[in-house]
Every structure is written in C-alpha cells, then in structure tokens.
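A.B. asks: Below you will find the structure I want to go over with you.
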Amino acid sequence: MIRVNNIKLKPGYTRGDVIEAIAGKIKAPSLDIESFCEVKLSVDARNKKDVFYVGVFDVEVKDERRYYGREGVSRCENYEYEYPTVWRGEHRPIVVGAGPAGLFCALILAYRGAKPIVIERGECVEERMKSVEKFWKTGVLNTESNVQFGEGGAGTFSDGKLNTGTKDVRQRKVLEEMAEAGAPREILYKAKPHVGTDMLREMVVNIRKKIVSMGGEFFFNCRMDDIIIENNAVKGIKTTLGDFETKTLILAVGHSARDTFKLIQRLNIPMERKPFSVGVRIEHKREDIDFAQYGDFAPLMEAADYKMNVKDRNGRGVYTFCMCPGGFVVASGSEEEGVVTNGMSNFARNGQNSNSALLVSLYPEDFDGSDVLSGMYFQRKLEKSAFYQAGASYKAPCQRVGDFFNGKRTEQFGNVTPTYEPGVTGSDLNRLLPIFVSEGLKDAIEGFGKKIKCFNHPDSVLTGVETRSSSPVRIIRNEGFSSYIKGLYPCGEGAGYAGGIMSAAVDGIKIGEKCE
C-alpha cells in the first residue's frame, strides 16, 4: 500500500469522491485504486466560504511501485506497539483507581502476565450510572460513587475527547485498544477523535473484561484508607474490604481524591503544589456555534468545537477547556455541600447547546501559607460557596453573560436554556468568584467574542463553579516513575502528570511498562 497526503474533500463527500480525489492526486486511473483506509482526517475552516476536509489515506493500488516518489506519496509506516518484558515478581501489583490511567496501567500489567489487582472506591460502570442519575434527579449524593469516583474515572462523564498535546507514540496503542473495546473506528484517523460518554461506558466495561481474562482482578466499592510502609518500601494497603499485600502500588486516584492527598501528606510522601484553574461553564446554542465556525456549511458538518486562550488585564491565562459540542452541563460534586460543574456529550453531539469550561489560571503563590494542600482547600471553599449561593442545594448558581457584565442577578434566561442537572438558581457570579477570576472571565469573553461572534452574546449562560479541571498537587516521582518510597508509583492526572483521558492513559501505559 502507499500513503497519500493532502487529499481535499468537500463536506458531505462520498466513497466515490475519495477515490476520485486520490486518483487525481496521484494521477492514476480510478479503476486502479482497489481499496483505501483513512489515516488522518481534519477540517480546514479558516475560510468560512470554503470549508473542506483534509485527509491522509493508505491506498491499495495496482502496481504501486509506479507511484513511489510522486508528490504527496510515501510508503506506509504502520505503528506497532512493543510489548514490555514479562513480569518477574512473585507478588501481584495493585492499581488504585480505575480511571484511564489505572485501567491502561492494569492492561499493560496484564499483558506482562502480572495479574494486577485493581482497587476502585466507586462502583462498576453499570451501578455507577444509577448512582449518578439518582444524584442528578434527586440531589442525593453518593460520596463514594459519582461523576468523579467509579469505574472509568471522571472521563466517563465527559465529551470523551482523545486528542492531546503530547506526542508520545503510545497514543496509538490507546486508540487501538479503545477501538477493539467498542469505540468507533474513526478515532483511529480523525484529527480530533472523541467517543462520547455513552460509548465510553461500553468501552470501559470491555477493557475491564479483557484485563480479567488475563488474570486481573477488580474490587469495586473498595476505598484505600492507608498504605503499609516498612523500611521505606511498600508492603501493602488497608482498604474498606480488608488488607492487601503487595510490593508494587500504583496510585492512579484521580484529581478529586482529597482524602488520598491528605493520606499522602500524613505519610510524609513528597508532594508539591501545582498550578490549576477555576471558573465556570459557558453555554451557547449549538446552531450558533456551528454557524460561527462553519458558516453556510454548518448543516453538512458535525457539531463544531473550539479551543481558545488569552491573557487577561493582569497577565493571567484564561482559556476554554473540555469543550462539549451538542452537550450538557452536569453536577459533578463528590463531597457533601459542594457544587461542582462539568460538561459531557454523547457520541452524536446532538444536544441543543454547546458548552465549555471557561477557566482562569491559578498558581501556588496565589494561596497563603505553606500547606501543600492549600489549593485543594481553595477549591473546596469555592464549591461550598456555590452550594450556599444556590440556596443550600445542588442546583448550580447560573447567570446570563449580559447580567454578569452588569453585576445583576439573573431573574430570567433568554434564548439559551441552561442544561445543568439537577437545575439552576439565577445568581450573580460576581458575588461568588474571587475578583481576579471574574475580571479574567470578562476579559476572555470579550476577547473570544471577536473570534466567535456569538461567544459574548448577552443571553449566553454561565454556570458555576468549575474547579476540578486538574489536580491541585503533584506527587513527586523520579525518572523511573517511582516515589522515594520503593514500589510506590504516582500515576495519571491525580498525581499531577496528565490532563485528560489520552494523556492519563499514556501515563498509565508508561508505568505499566516500567514498574516492578
């Protein structure tokens, strides 16, 4: 097969259009093209009057040697994952946390023959869904199994984005395993792949079943309460289901495991404060975002996304994060008396609104004192303030953009209806957020409105608060991915080494390869 680059396709293209475009590119008869498969596909929407796809295709063509050296043609170079060495320890490694980092770490350990034990404080996906939906409908929170805790991690209730800034080749292994587990094949070639929260749930279950088929074992509703350390080495853990012995412990606990962070602090395991962000969710009508991004081509395109950043009046970074086209804003708290927002989309991305986190960067020097957990306490204080501003309920404080700029409590919403479950309370977010956060959000909304015309529309909706975009701490590890405690491996987003599903999964693979 040959690889053909820079194939341009109009929205709504057919299989015949692809063959014709490839044939024209390599100057071959259409009948000579026997088959093709997508390698990469992205959208070029810089000119709203000429929106098109740009693709890379692997092509099976008659007498392929004739085309070597032609412009845009190269030989196929397919990625193959190099499996690590066989597990040599007599003990079984324990992975704490069944989010992307923990699952992929356990999967690689299973390939190595280690028969890993996975400890997860929350429920399996099937039961977790029931707990989350009960919270959204009734306000009854299960503090051990919710949007943050449970099989699949926080990413299970998200847009399921699989793109990342990391260039690690292990990304391909993640995508291949996900496709095998039920994700749509398009994630293997789309420039901005996503699976949606609905497909993520099925995929996570199948990855778990694969790990179990290779000797792995899962314990749900099992919270780690202590780490047994002797002579500066891991000996096991204490959990709500009893003690487990091990010499290898992978901490993939996620960014909301505050009790685990306190445990790490108590055990004097090195940890440091790190930058993170807080803000709100902003919602617009999906059709408005689609038109702003694609113009008249919008009806032929998938729901549009965006990603923007700016420096505010104080030089502080403000940016959009975890944008959910055609998605919903959902309650994501894990502690009593705290309101936390997040966004999620189904694979179809066909909801009436599109939303994104709108976040202002925070730095360790923003917090008083030297407590390594000061950022965590800042998050908690803001979440509790949101709870009480919403009338001591899990309904979220919500405000029209126009009212936010005018410092006026929202009494009535306009053409954008908030999607947050379990409901919203009209509020003035200026009275909730720190002044520098409010100022940063206003600067960003004005700036982003110059790039996407509907972004600063007065009827756009802000829902607070978004506090769990990343971990407020980093658990220190060395080049071998280990803490100074022998056998202890901090992993993924909660440990401060990832930011999203893909980067967390890649970090899990790295540790699954190296730990012993």
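Under this note's numbering, think of the first position of the sequence shown as 175, with each following residue one higher.
Even glycine gets a Cβ: it sits at the ideal position worked out from N, Cα and C.
Tell me, to the nearest whole angstrom, how far the beta carbon of GLY370 is from that of ASN520; I am working on the premise that it is less than 8 Å.
C.D. replies: 5 Å
A.B. asks: Check whether the segment 554-568 and the segment 495-513 touch, using three or more Cβ-Cβ pairs below 8 Å as the test.
C.D. replies: In short, these stretches touch, since the Cβ pair count reaches three.
A.B. asks: Below 8 Å on the Cβ atoms is my guess for HIS458 versus CYS211; work out the distance and round it to an integer in Å.
C.D. replies: Taking 8 Å as the upper bound for CB-CB distance, HIS458 and CYS211 are not in contact here, some 36 Å apart.
A.B. asks: Looking at C-beta atoms only, is the number of pairs between the segment 667-679 and the segment 322-335 that lie closer than 8 Å three or more?
C.D. replies: yes
A.B. asks: From what residue to what residue does the alpha helix (DSSP H) around ARG177 run?
C.D. replies: Element bounds for ARG177: not the alpha helix (DSSP H) but the beta strand (DSSP E), 176-183.
A.B. asks: Applying the criterion that 16 or more other CB atoms from any shown protein chain within 10 Å of the CB defines a buried residue, is GLY586 buried or exposed?
C.D. replies: What sits at residue 586 in the sequence shown is Gln, not Gly. With fewer than 16 other beta carbons inside 10 angstroms of its own, GLN586 counts as exposed.
A.B. asks: Among PRO358, ASP237, SER305, VAL270, which has the Cα closest to the Cα of GLU208?
C.D. replies: ASP237
A.B. asks: To the nearest angstrom, how far is the alpha carbon of VAL503 from that of PHE495?
C.D. replies: 13 Å
A.B. asks: Considering Cα atoms alone, identify which of LEU281, LEU205, ASN320, LEU607 is closest to GLU300.
C.D. replies: ASN320
A.B. asks: Of the choices VAL178, LYS684, GLY271, whose alpha-carbon is the least far from that of GLU256?
C.D. replies: LYS684
A.B. asks: So the candidates are LYS341, THR340, MET373; which of them puts its Cα closest to the Cα of GLY356?
C.D. replies: MET373
A.B. asks: I need the boundaries of the alpha helix (DSSP H) containing VAL247, first residue and last residue.
C.D. replies: Run containing VAL247: none in the alpha helix (DSSP H); it sits in the beta strand (DSSP E), 247-249.
A.B. asks: Could you pull the start and end residues of the alpha helix (DSSP H) that GLY621 belongs to?
C.D. replies: 609-623
A.B. asks: For the alpha helix (DSSP H) holding VAL504, just list the boundary residues, first then last.
C.D. replies: No alpha helix (DSSP H) holds VAL504; the beta strand (DSSP E) holding it covers 491-505.
A.B. asks: As a quick exercise: from ILE659, GLU251, GLY661, GLY666, pick the residue whose alpha carbon is nearest that of ARG648.
C.D. replies: With distances taken between Cα atoms, ARG648 lies closest to GLY666.
A.B. asks: Could you round the C-beta distance between VAL269 and ILE424 to whole angstroms and report it? I think they count as a contact, below 8 Å.
C.D. replies: 5 Å
A.B. asks: Between ALA280 and GLY390, what straight-line distance do the alpha-carbon atoms span, to the nearest angstrom?
C.D. replies: 8 Å
A.B. asks: If you run the structure through DSSP and keep just helix, strand and coil, what is LYS660?
C.D. replies: In the structure shown, LYS660 adopts extended strand secondary structure according to DSSP, grouped into three states.
A.B. asks: Indicate whether the contact test is met: 3 or more Cβ pairs, each with one atom in the segment 599-612 and one in the segment 402-413, closer than 8 Å.
C.D. replies: no
A.B. asks: Under a Cβ-count criterion, where at least 16 other Cβ atoms within 10 Å of its own Cβ denotes burial, should ALA505 be classed as buried or exposed?
C.D. replies: buried
A.B. asks: Identify whether ILE443 lies in helix, strand or coil by the three-state DSSP scheme.
C.D. replies: coil
A.B. asks: If you check the beta carbons only, do PRO632 and ARG574 fall under 8 Å apart?
C.D. replies: yes
A.B. asks: With which residues is LYS459 paired in a DSSP beta bridge?
C.D. replies: ASN527
A.B. asks: Assuming LEU362 is part of the beta strand (DSSP E), what are its boundary residues?
C.D. replies: Careful: LEU362 lies outside any beta strand (DSSP E) and carries neither H nor E.
A.B. asks: Helix, strand or coil: which one does DSSP assign to CYS396?
C.D. replies: DSSP places CYS396 in coil when its eight states are reduced to three.
A.B. asks: Going by other Cβ atoms of all chains shown within 10 Å of its Cβ, with 16 needed for buried, is SER544 buried or exposed?
C.D. replies: exposed
A.B. asks: Which residues in the same chain as TYR568 place their Cβ atom closer than 8 Å to its Cβ, once the five residues preceding and following it in sequence are excluded?
C.D. replies: The beta carbon of TYR568 lies closer than 8 Å to those of PHE309, GLY313, LEU315, ALA505, GLY507, VAL513, PHE561, PRO596 in the same chain, with the five residues before and after it left out.
A.B. asks: Which partner residues of GLN573 appear in the DSSP bridge assignment?
C.D. replies: LEU636
A.B. asks: Using DSSP with H/G/I as helix, E/B as strand and the rest coil, what is PHE471?
C.D. replies: helix
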